[in-house]
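Trainee: One structure follows; several queries about it will come next.
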Ligand code: MN3
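Residue numbers (this note's numbering): 492 to 692.
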């Protein structure tokens, strides 16, 4: 089967002023679309054509690097868009809030730790909040890897992720990745993250 670019769940200007329209147009319409097209090219005519995206993650180490990079890029971005929205942000509630407080002491401490990990990723990559052995953890992966991949140093079921590639923020924030991470909190749909948490547990 071949993969298709999912529509954004909102308009390209919906996340302004935190993420600008041009960045969204290029990020979704060019970068994410590129991962989908290159993934389809990389698997065409091979046995990988019949695998799901999740299966491609699980065996990432066994596939050509183009499959790993583009399958990761497609999965990561498909995961990234719906966890954000206009009029979002705030703080989590319910069981997720309890788990965050239990793990980091407070929501503010969690945000601090997440921002630290996102800031420390050298070059391109992602930072994640995930479920591991029933608990929560924060980790980061390089390039378009993610914690579902067999080659990931940190394995978990992601429930929130932030893209820290420069293409995600450079037009508006230039070299100021920490400002982009701070702005990201205004966009997080904690209802979506809480659903993912409930499923991952
Ligand atoms: Mn990206």
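Here a beta-carbon is modelled for each residue, glycine too, at the ideal position from N, C-alpha and C.
1) Rounded to the nearest angstrom, what separates residue 531 and residue 525 at their Cα positions?
2) Suppose you measure from the CA of residue 624 to the CA of residue 646; what does that come to, to the nearest Å?
3) Shortest alpha-carbon distance to residue 616 belongs to which of 568, 595, 626, 506?
4) Using the beta-carbon count (16 or more within 10 Å), is residue 632 buried or exposed?
5) The ligand MN3 heavy atoms versus the CB of residue 685: any closer than 8 Å?
6) Closest to residue 548 by C-alpha separation, out of 635, 660, 586, would be which residue?
7) Figure out for me which residue from 515, 690, 504, 517 has the closest Cα to the Cα of residue 622.
8) At a cut of 8 Å, does the segment 532-539 reach the segment 548-560 through at least three beta carbon pairs?
9) Strictly by DSSP, which residues pair up with residue 652?
10) So, is residue 649 buried or exposed, given that buried needs 16 or more other C-beta atoms within 10 angstroms?
11) State the DSSP-derived secondary structure class of residue 632, mapped to helix, strand or coil.
12) Measuring CB to CB, does residue 496 end up less than 9 Å from residue 523?
13) Assuming residue 605 and residue 591 make a contact with CB atoms under 8 Å, what is their CB distance in whole Å?
14) For the ligand MN3, I want to know if residue 445 counts as a neighbour, meaning its beta carbon is within less than 8 Å of at least one of the ligand's heavy atoms.
15) Are residue 576 and residue 687 close, meaning C-beta to C-beta below 9 Å?
16) With 16 as the cutoff for other CB atoms within 10 Å, does residue 509 come out buried or exposed?
17) In whole angstroms, give me the CA-to-CA distance for residue 563 and residue 637.
18) Using DSSP bridges, identify the partner residues of residue 626.
19) If I'm right that residue 583 touches residue 684 with Cβ under 8 Å, what's the distance once you round it to whole angstroms?
20) For the ligand MN3, which residues count as neighbours when the test is a C-beta closer than 6 Å to any heavy atom?
Mentor: The relevant details are as follows:
1) 10 Å
2) 10 Å
3) 568
4) buried
5) no
6) 635
7) 690
8) yes
9) 619
10) buried
11) strand
12) yes
13) Their Cβ separation, rounded to whole angstroms, is 10 Å, which puts residue 605 and residue 591 out of contact at 8 Å.
14) No statement about residue 445 is possible, as the shown extent of the chain runs from 492 to 692 and does not include it.
15) no
16) buried
17) 7 Å
18) 623
19) 7 Å
20) 518, 522, 568, 654, 656, 658, 659
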